[in-house]
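Structure first, then comments.
Residue numbers (this note's numbering): 2 to 77.
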């Protein structure tokens with residue numbers, strides 16, 4: 002089932018999932034074989050809202066930590 006909204010891994014912000022609204026969101030591909038049940042994970046992509054990505058240079062590490070990967074690319 003596809004989600005009707007995007008969820009930020011860092012701040013849990015929710016926004017309607019549309020072509021225009023979703024284009025500004027940052028995406029981070031998860032390591033191959035990683036299976037995570039988290040609202041901010043869509044398929045194999047971790048989502049972060051534009052606000053968190055623009056105000057925090059370390060947004061990718063924070064997003065990975067929020068889903069339990071702690072910035073490691075070898076976690077599964």
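C-beta: ideal position from N, C-alpha, C; glycine also.
Predicted model only: the values in this text are computed from it and were never measured.
Here's the rule: buried if 16 or more other CB atoms are within 10 angstroms of the residue's CB, otherwise exposed. What is residue i?
i: residue 58; result: exposed
i: residue 49; result: buried
i: residue 5; result: exposed
i: residue 36; result: exposed
Where do the N-terminal and C-terminal ends of the alpha helix (DSSP H) with residue i fall, by residue?
i: residue 56; result: 51 to 56
i: residue 62; result: 60 to 67
i: residue 24; result: 20 to 24
DSSP beta-bridge partners for residue i?
i: residue 29; result: 47
i: residue 42; result: 47
I'd like the span of the beta strand (DSSP E) that includes residue i, first residue to last.
i: residue 17; result: 15 to 17
i: residue 7; result: 6 to 8
Would you kindly work out how many angstroms separate the C-alpha atoms of residue i and residue j, rounded to a whole number?
i: residue 38; j: residue 16; result: 19 Å
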